[in-house]
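I have placed the structure first, in the form of structure tokens, so that the comments after it can refer back to it.
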Amino acid sequence: MSTAETAKEYVTEFLDGPLQGQTQHRSFIEGDYEKDIEAFVAVEGLQSTLHYVAASSRKVGDTLFVSYRFDPATSDSIELDDQDTNI
């Protein structure tokens, strides 16, 4: 069995929205990556839910990278100012 066949994790890349530029290592669910991700963040002490949808994927070596796009229509409304760099 190769490393690719036994991989249990993939890397998420957030392309836009409040998590733009961040990455995470996530576990496969039933052998596949998640098509939708809900991220829970605190903004000014209030919990907000952000919804991201898988846009594309690619393999680099034995690692799968999945790019996600922010879906503002199904996310909680949050307002960020120029000082909000770490949610």
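Per this note's numbering, the sequence shown starts with residue 2, numbered consecutively.
Ideal Cβ positions, reconstructed from N, Cα and C, are used throughout, including at glycine.
Whole-angstrom distance between residue j and residue i, CA atom to CA atom
i	j	result
Y69	H52	9 angstroms
L36	V44	Note that residue 36 is Lys in the sequence shown here, rather than Leu. If you take the alpha carbons of K36 and V44, they lie about 25 angstroms apart.
L20	P73	12 angstroms
G46	F71	21 angstroms
G18	S58	18 angstroms
V61	D77	33 angstroms
Beta bridge counterpart(s) of residue i as assigned by DSSP
i	result
S58	V67
Q23	Partner(s): none; Q23 has no beta bridge.
D33	I30
Sub-8 angstroms separation of residue i and residue j beta-carbons
i	j	result
A55	V67	yes
T75	V12	no
Selected residue, minimal CA-CA separation from residue i, among the options
i	options	result
T24	I38, T50 and G32	I38
D33	T75, A8 and S76	A8
S49	L16, E10 and E80	E80
F15	K60, A40, G62 and D77	A40
Which of helix, strand or coil DSSP assigns to residue i
i	result
A40	strand
Neighbour flag for residue i against chain B, beta carbons, 8 angstroms
i	result
G62	In summary, chain B is missing from the structure at hand, where a single protein chain is found.
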